[in-house]
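J.: I have a structure I would like to understand better, so I am pasting it below and will then ask my questions one at a time.
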Amino acid sequence: MPEEKPKSIDRATLELIEKAGKDKINTVFSRADELKPCPIGVEESCCKICAMGPCRLPRPKKGEGKERVGVCGATIETIVARNFARKVAAGAAAHSDHAREVVQTFIKTARGEAQGFSIKDEMKLVAVALDFGIDVEGRETGDIARELGEKALNEFGKQEGELVYLGKAPLKRQELWRKLGTAPRGIDREIVEIMHRTHMGVDQDYRHLLQQASRAAIADGWGGSMISTDLQDIMFGTPVPVLGSINLGVLKEDNVNVVVHGHEPLLPELLVVASRDPEIRRLTESAGAKGINLAGMCCSANEVLMRHGIPCAGNFLQQELALVTGAVELMTVDVQCQMQGLKDVAECFHTRLITTSDRAMIEGAVHIEFHPEHGLDTAKRILKMAIENYPNRRHAVYIPDQRQDMVAGFSHETINYLLGGLFRASYRPLNDNIMNGRIRGVAGVVGCNNVRTTHDSAHIAMIKELIRNDVLVLTTGCAAMACGKEGLLTPEAAKLYAGSGLAEVCEAVGIPPVLHLGSCVDNSRILMAATAMVKEGGLGDDLSDLPAAGAAPEWMSEKAISIGQYFVASGIFTVFGTTWPTTGSEKVTRHLFEEYEELYKGMWAFEPDPLQAAQLMIRHIDKKRKALGIDKARDRVLFDMAMRRALD
Amino acid sequence: MPDYQYEEKEDFSGRKVKVLGPTYEEGKPEEREDWRSKLGGREDALRYIRTAMRYWYSKEWYGSEKRKQEA
Ligand code: SF4
Ligand code: SF4
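The following block contains the structure:
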């Protein structure tokens, strides 16, 4: 019998998996034991886009040189590329539809029609308005915001031209995108075009299909995701470092526990406001609870953590386990990454599961739709439901005692400030330390958890290996939360885990060796930080020149594929773990893993072993250092006065 | 004056030098420090955008992209 893989490296998770088992409650962990991945689907060697299929085209047995085609004659390359492109379309659509909701709320906020919302960050408003070519001189804040909202909304349906934010990328990258025909027009247009091209009997050239996948992915990273990040910052404030805490131990037995889960920070922001309302406080007391304890889950957690220090209950694979504690009165879910299994787990306890988005209902859950016009009233109504539910706990509460402090909130603007101060804000110190070799390079490690990989294990192994080798790590999403639980998001982690060069820099600046940049849409902040490094100078002219790499070792969602594709199309070498969705076709895989380096100067790789994957990233970083001529730490010449005079 | 701590480290030539140790305060912060609140009104913000965020908002600045010789 092969030894069973541990389900998690996190003690709180393991304790609650055990409790769920004893209580006969099904969770993602037990369901995964029963349901193994389909061997044909795992390679994406099947097509079901027309009713002559589904056509399943498993790999031929060794020695069988048979060409694999579907009933219509579609080759395995076409089928695998179509499946891949559709994943990108779904991922880009998810981020961008989130963005659309944000823009629509932003417009209502600018018009004064959104209850409880305001423009909190005028500096960011002015900066983004300038990006959109809006005149800001002498104009009222609301007036600028209205024009910005309308222009941002136009980015979705634009039929011609290019997305405004492409202009923020390094000039060389912009030229390359134009040359390759991958500069996106409107966000929606690129996504719809994938759906058209992958319909039966349309685009049947894998390279051409994947070119459109890049175009839609760029429309996500440099469009939808970036718009979400920026407009959320304007409404809720650009994140600055904040002390928070993470893991299931943030739940409190004597409090009304409300978990906010999902992705859009709109309602969660108002739940934070409403939880401080005197009426809500009074009701909480009269229910016999010590307070209302808001806690986040998945990317909603990242959003409210970064802006308010609200504790994080956990990441993707911990969502059902939060309910298994028996301590959660109510969980709100909006869109993305919320498992339908939550409903059955909630039913085993007193927990009320509330769906809040007009785009996502769960059969059996209570639906209370969020609309910005009366958002604060909705938030209060939800909290009142939670308070009323507090006396209904029917089971003994069990909350694991694991919780860990962490620092989050490193927007690219804040990194700029931290590196140089108010009067000399700059990425120069970072570039200098990369050039002198104290920092070897930068890695973006992002993405989900996947039950097929021991929970959090690949994130932590990879990131520890990277920082030990002096690679500064930028992280978002569930990867960031894994780091939080492991204690990597505190300044003290530099001394404990980082190589001496990176540790020195972290100590001098007062930052952790792993920087939490936010939620999944905030991967756009990584693009901006990397662009600032290019534009600061000394590390080449394009993102692909940087000693940098990306990874998602525990990815599971289609959004992750879209993110990876826009990292790669932006010139960043990106390694995924766990599984890879083009193994059904060697040609398609070779195109993404090798030919992309020629085309985009950035390419994909797949390596399920996180340490090997980290080594691939480090090798790539070293290759880039060599190309830049900074492969050896340079001796620094300190000028004394006599040398200075000689220069004059 | 706080008592600064010094540590002995090697410089690039391998010479031992004394460098200033960590200067951050012990313990956890009570409040978050929002650097943006140090900026005054719109004028201040615009000035900051054009200097600190020159990568995108200053006409004179294009870092290495401005160089004649490619890196
Ligand atoms: S499009 Fe072709 S390969 Fe796909 S299901 Fe129809 S017949 Fe089969
Ligand atoms: S990182 Fe992945 S699992 Fe986590 S919230 Fe984002 S998409 Fe969902």
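Chains as they are written, first to last, in our numbering: chain A, 963 to 1610; chain B, -4 to 66.
The beta-carbon is built from N, C-alpha and C at its ideal position, and this holds for glycine as well.
Go ahead and label M1014(A) buried or exposed: buried means 16 or more other beta carbons lie within 10 angstroms of its beta carbon, across all protein chains shown.
T.: Result: exposed.
J.: Under 6 Å: does the beta carbon of I941(A) sit that close to some heavy atom of ligand 1?
T.: One cannot answer for residue 941(A) here, as it falls past the ends of chain A, which runs 963 to 1610.
J.: Going along the region 1068 to 1086 of chain A in order, which residues come within less than 9 Å of chain B, judged by CB to CB distance?
T.: Of all residues in the region 1068 to 1086 of chain A, D1083, E1084, M1085 and K1086 have a Cβ within less than 9 Å of some Cβ in chain B.
J.: Taking 7 Å as the threshold (C-beta atoms), are I1038(A) and G1526(A) in contact?
T.: Not in contact: G1526(A) and I1038(A) (Cβ atoms no closer than 7 Å).
J.: If the cut is a Cβ gap below 8 Å, which residues of chain B does N1378(A) touch?
T.: Result: A47 and M48.
J.: Return the chain-ordered list of same chain residues with a C-beta closer than 6 Å to the C-beta of G1119(A), the five sequence neighbours on each side being excluded.
T.: Excluding residues within five positions, the ones whose Cβ falls inside 6 Å are G1148 and D1150.
J.: Can you tell me whether E1006(A) is buried or exposed, with buried defined as 16 or more other CB within 10 angstroms of its CB?
T.: That one is buried.
J.: On the premise that Q1366(A) lies in contact with L1210(A), defined as a C-beta separation below 8 Å, what is that separation, rounded to the nearest angstrom?
T.: The Cβ separation is near 11 Å, so there is no contact.
J.: Report the CB separation of T1144(A) from S1187(A) in whole angstroms; it is logged as a contact under 8 Å.
T.: 17 Å between Cβ atoms; not a contact.
J.: So, at 7 Å on beta carbons, what are the nonlocal neighbours of C1261(A) in its own chain, with the 5 sequence-adjacent residues on each side left out?
T.: H1225, G1439, S1481 and C1482, listed in sequence order.
J.: Flag this pair as yes or no: are the beta carbons of D912(A) and V1090(A) separated by less than 7 Å?
T.: Absent from the model: residue 912(A). The displayed extent of chain A is 963 to 1610, so no value can be given.
J.: Helix, strand or coil, according to DSSP, for L1315(A) in the structure here?
T.: It is a strand residue.
J.: Here's the rule I'm using: 16 or more other beta-carbon atoms within 10 Å means buried, otherwise exposed. How should P1201(A) be labelled?
T.: Buried: at least 16 other Cβ atoms inside 10 Å.
J.: At a CB-CB cut-off below 9 Å, which residues of chain B make contact with L1138(A)?
T.: Result: empty, since nearest Cβ-Cβ is about 14 Å, beyond 9 Å.
J.: Excluding the 5 residues preceding and the 5 following M1518(A) in the sequence, name in chain order all residues of the same chain whose CB lies nearer than 6 Å to its CB.
T.: For M1518(A), where only same-chain residues beyond five positions count, the Cβ hits under 6 Å are C1410 and N1412.
J.: Under the three-state reduction of DSSP, which class applies to D1339(A): helix, strand or coil?
T.: The answer is helix: DSSP assigns D1339(A) an H, G or I state.
J.: Between the beta-carbon of T1416(A) and the beta-carbon of K984(A), is there less than 7 Å?
T.: No; because the gap between Cβ atoms is not below 7 Å, this pair is not in contact.
J.: Against chain A, with Cβ distances strictly below 7 Å, would K69(B) count as a contact?
T.: No answer is possible for residue 69(B): the residues shown for chain B start at -4 and end at 66.
J.: Between which two residues does the beta strand (DSSP E) harbouring E1291(A) extend?
T.: From DSSP, the beta strand (DSSP E) with E1291(A) extends over V1290 to V1295.
J.: Would you be able to state if there are at least three C-beta pairs under 8 Å between the region 1528 to 1544 of chain A and the region 1565 to 1577 of chain A?
T.: Counting Cβ pairs under 8 Å, three or more are found: they touch.
J.: Using alpha carbons as the reference points, say which of I1349(A), A1181(A) and L1477(A) lies closest to Q1121(A).
T.: Per the Cα distances, A1181(A).
J.: Is the beta carbon of A1576(A) sitting closer than 7 Å to the one on G1539(A)?
T.: No; because the gap between Cβ atoms is not below 7 Å, this pair is not in contact.
J.: Along chain A, in chain order, which residues have C-beta atoms closer than 8 Å to that of R37(B)?
T.: Those within 8 Å of R37(B) in chain A are E1084, V1088 and V1098.
J.: Is the Cβ of L1505(A) closer than 7 Å to any Cβ of chain B?
T.: No, no contact with chain B.
J.: For R1343(A), I'd like the list of residues in its chain whose CB is within less than 8 Å of its CB, leaving aside the five on either flank, ordered along the chain.
T.: Excluding residues within five positions, the ones whose Cβ falls inside 8 Å are I1330.
J.: Residues of chain A with CB under 9 Å from R27(B), in chain order?
T.: Those are V1202, P1203, V1204, L1205, G1271 and G1371, listed as they occur along chain A.
J.: Pull up the CB-CB distance for V1407(A) and V1435(A), whole angstroms please, since I reckon it's below 8 Å.
T.: Contact holds; Cβ gap of about 5 Å.
J.: Less than 8 Å between the CB atoms is what I'm expecting for V1476(A) and A1455(A), so what's the real figure, rounded?
T.: That pair is a contact at about 7 Å.
J.: Taking the continuous alpha helix (DSSP H) assigned at N1393(A), which residues delimit it?
T.: Segment R1390 to M1397, the alpha helix (DSSP H) holding N1393(A).
J.: Are any of the Cβ atoms in chain B nearer than 7 Å to that of K1130(A)?
T.: Yes, its Cβ sits closer than 7 Å to a Cβ of chain B.
J.: Expressed to the nearest angstrom, what Euclidean distance is found between the alpha-carbon atoms of E980(A) and R10(B)?
T.: Going by the C-alpha atoms only, they are around 56 Å apart.
J.: So, with DSSP's three-state summary, where would you put K85(B)?
T.: Because residue 85(B) is not part of the residues shown, which for chain B are -4 to 66, the question remains open.
J.: Let me see if you follow: with CB-CB separation under 7 Å, is A1107(A) close to chain B or not?
T.: Not an interface residue.
J.: At a CB-CB cut-off below 7 Å, which residues of chain A make contact with R10(B)?
T.: In chain order: nothing, as chain A lies at least about 12 Å away.
J.: G1461(A) and R1414(A): beta carbons closer than 7 Å?
T.: Not a contact, by the Cβ cut-off of 7 Å.
J.: Classify W1139(A) as helix, strand or coil using the three-state DSSP reduction.
T.: DSSP places W1139(A) in helix when its eight states are reduced to three.
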